[in-house]
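All residue numbers for the sequence shown refer to full-length UniProt numbering, where the first residue is 1 and numbers rise by one. One structure below.
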Amino acid sequence: MIPKVVTTLATLKYIESVMKYLAIAFQLCPLFLLGLIQSATASQPPNVIIFYVDDLGWQDVQIEDIDAPCPYETPNLVKLAEAGMTFTQAYSPAPTCSPSRAGIITGQHPAKIKLTHVDLGKIPAGRATERLVAPYLQSHLDLDLMTLADAMKQNGYRTGHVGKWHVGLTATSYGFDFVNQTRGVHRGMDDRTKDFATANHPTYPLSKQKYPPLSKNKPNGISYPFDEVTQSAIDFIADSKQEPFFLNLCHWMVHWPVLTRNGELLEHYCDKFGFPFPPEPGDMTREGQQNPYFAAMTTTVDWSLGRLVDFLKHTDDPRSPGKKLIETTYLFFTSDNGGAEIRGKEIISDNAPLKYGKKHPEEGGIRVPMVVAGPGIAGGIRFEGLVNQLDYFPTILKLTQSSIATENFDALSGLDISPVLMGKSQTIKNRSGKERTHLFWHFPHNGPLAMKSAIREGDFKMYKRYDTADDELYRLYQDGQRLDLEEQNDLAKNPEFTSVVQRLAAKLDSDLAANDAEMPYLNPAFQAKKKASARIASSSFHAADHRATLTVKKNGPAIKEAYVIYGRETPDLPVSKEQQKQKKRLERKMQRRGQDSEATQDDHAAELLGMKYPATIDPDAHSIRAVIPKEISAYRFLFVDTNQFLHHSEIQLAK
Ligand SMILES: [Ca+2]
Ligand SMILES: [Ca+2]
């Protein structure tokens, strides 16, 4: 309902403004009329598309391809880079999906909005061998935050989201007029070695038109299976082009599962890498960038980009007569985190020369391909300064001449890079006109090795390791020339670099403090803990007034911070066989629809589940309480004791 109303209002507003122009113009003279219409069309706000790929590594495409040549063919991205600006040192806000997506869509640093990993709504399980435990992440992005969709909508844009969302609830709750979270062609297959799409496939019919790659066997190219993500994005543009539009297009590829429905494309890569076709069943275990399924996924995403760009090239922009949409649309191409290199025994790809991959704040986990093209951006230009997807929000506001309330604008973490895009500046500057010096990341998750914060400044990258409470320092470049991009030579203990470590540590600590970043906690389950942790004495629910209480033992540490988290009776609590069956049926249904399993409930309770609400700490600081809303069926407490241990109570029925 709401989207329709907005559409109509925006259209009316547009017609009204054109009528005003015409009325004034007719009172003047015909020549003036022409001039006014031209200036009116020249100032039409441009469209914006973010083309977001999942887990696409920096070296998984044929732009900025260093060392071993990328064997995955990405001709459409190469063309986009020729038409726009390539950012050679572009970073995602985080090394995993959800925080990067939350960062790009709110323009706020994942540390600041406390959404730093993918484990949304999951109680952090501390292992007996681990000293630290990750902070708890709420089940969805805070509904009160302004999103890029909200901002664009306020400025008269029609907003659309297609594909992966992954920050809780559905994109519908976050300012999008149009939402289709389909997985498209990227769905699980029974047998990836042979279940390929056919010309008459009911869901994935092969295209009649042929596309690259061209080969000796297929000189005219190959067909591609129907992809609902691509089609839905094109349909959204076709339906929205009467107004300015913002499209957030998020592919589920090239994330696990590693597979393709495109038999011809898989055959192409099997031939290229010297595998039999069809491939043998089982894991792909060859080192390097030699997985033909992954190669096919990467080329499929590139094909999707090509379809979108072709559509923009061939479609008139009704708001700017004489122009095609490609001339009036900004396109941001990037990935949500670095490449995934391995899963079980399967070798997916290789981020070399970068260290590690997704789920690590090292270069392999956060350095990503990035190209921006659109009106006023010169083609084939490379920009080597540090850039972050957090910059998209303020940049898009500027490119579209949109405005938002000062308090919302002040909350943004990134910087406007439009002067660089337009060739007006060689550096990215902050609002006081000072050049950007550094970027930082906060990842208090994924076990002792990965649990770090990081800072990149100039040639250096420094890490604050939480498990060992020390620092690492690498010199990626020396005077702009590649030196230790591989991050192999830790300089933190080298006296020559003491001042660098001190300077970067101070900057990083200052950024973490300014963003009120939540740190890892001590793990009460750690078997070698040196301090005492609180112990729960009792936990009860009083049905008469819906009051939940919890007490800890008096002879242990007190409680200094306490929350209540609402849950469902399932899956945390034992359920009947019939309920289990029902749950399985629902899951299957959701799979068929290709939706996020998170997108199961749209009721008000779903907005409350998994979020943290403050609980009241009693004056003795050894007991806490909270009133549980009537519509909530289960809950648990989460609390921090005075020795900095993070605890949670078992989930309990609110009955
Ligand atoms: Ca390479
Ligand atoms: Ca990802």
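Just so you know, even glycine gets a beta-carbon here, dropped at the ideal spot from N, CA and C.
Check	Outcome
Hey, out of Glu487, Gly374 and Arg482, whose CA is closest to Tyr463's CA?	Glu487
Could you pull out every residue in the same chain whose Cβ sits closer than 8 Å to the Cβ of Met189, ignoring the five residues on either side in sequence?	Asp195, Pro257, Leu259 and Arg261
Under the rule that 16 or more other beta-carbon atoms within 10 Å means buried, what is Gly288, buried or exposed?	exposed
Taking Leu485 as part of the alpha helix (DSSP H), name the residues at either end of that continuous run.	Here Leu485 belongs to no alpha helix (DSSP H), and DSSP marks it neither H nor E.
Evaluate the contact criterion for the region 294–302 versus the region 67–75: three or more CB pairs, one atom per stretch, below 8 Å.	yes
Report all residues from its chain with a CB closer than 8 Å to the CB of Phe383; omit the five preceding and five following residues, and keep chain order.	Met85, Thr86, Phe87, Thr88 and Val420
Suppose the cutoff is 6 Å on Cβ atoms and the five residues either side in sequence are ignored; what does the same chain contact list for Gly121 look like?	Ser139 and Gly610
Do you know whose CA, among Val627, Glu518 and Ala537, lies nearest Ile113's CA?	Glu518
Output yes or no for whether 7 Å exceeds the beta carbon distance between Gln527 and Pro93.	no
Using the three-state DSSP reduction, which class does Lys194 fall into: helix, strand or coil?	coil
First and last residue of the alpha helix (DSSP H) that includes Phe393?	Tyr392 to Leu399
Enumerate in chain order the residues of its own chain whose CB-to-CB distance from His314 is below 8 Å, with the five nearest sequence positions on each side excluded.	Lys324
In angstroms with no decimal places, state the Cα-to-Cα distance between Ala537 and Thr334.	50 Å
Which value, in whole angstroms, describes the spacing of the CA atoms of Glu280 and Ile347?	15 Å
Taking the CB atoms as reference points, tell me whether Arg482 and Phe460 lie closer together than 7 Å.	no
Would you mind reading off the limits of the beta strand (DSSP E) that contains Asp641?	Ala634 to Asp641
The beta strand (DSSP E) spanning Glu457 covers which residue range?	Lys452 to Glu457
DSSP state of Glu496, grouped into three classes?	helix
Tell me whether the region 99–119 and the region 441–455 touch, counting them as touching only if at least three CB pairs, one residue from each stretch, are closer than 8 Å.	yes
Report the rounded CA-to-CA distance for Pro278 versus Tyr269, giving the unit in angstroms.	11 Å
Considering only heavy atoms of ligand 2 and the C-beta of each residue, which residues fall inside 5 Å, strictly closer?	Asp54, Asp55, Cys97, Asp336 and Asn337
Taking 6 Å as the cut-off, is the CB of Cys70 close to at least one heavy atom of ligand 1?	yes
Round the Cβ separation of Glu264 and Lys208 to the nearest angstrom and send it over; I've been treating them as touching at under 8 Å.	Contact doesn't hold; Cβ gap of about 14 Å is too wide.
Could you check whether the Cβ of Gln59 sits closer than 6 Å to any heavy atom belonging to ligand 1?	yes
Are the region 348–365 and the region 53–60 touching, with three or more C-beta to C-beta distances below 8 Å?	yes
Whole angstroms are fine: how far does the CA of Gly274 sit from the CA of Asp302?	23 Å
Please classify Ile417: is it buried, with 16 or more other beta-carbons within 10 angstroms of its beta-carbon, or exposed?	buried
Using beta-carbon positions only, say whether Tyr521 and Leu646 come within less than 7 Å of one another.	yes
Considering Cα atoms alone, identify which of Ala469, Pro557, Leu439 and His201 is closest to Pro110.	Leu439
Below 8 Å on the Cβ atoms is my contact criterion, and I expect Ala548 with Ala626 to pass it. Report the Cβ-Cβ distance as a whole number of Å.	5 Å
Tell me which same chain residues have a C-beta within less than 6 Å of the C-beta of Leu485, skipping the five on either side of it?	Pro353 and Leu476
My guess is that Gly107 and Ser413 are in contact by the Cβ rule of under 8 Å, so how many angstroms apart are they, rounded?	6 Å
Assuming Asn76 and Leu305 make a contact with CB atoms under 8 Å, what is their CB distance in whole Å?	5 Å
Return yes when the C-beta of Ile66 is under 6 Å from any heavy atom of ligand 1, and no when it is not.	yes
I need the boundaries of the beta strand (DSSP E) containing His314, first residue and last residue.	No beta strand (DSSP E) contains His314, which is instead part of the alpha helix (DSSP H) from Pro292 to His314.
Would you identify the three-state DSSP class for Ala373, choosing helix, strand or coil?	strand
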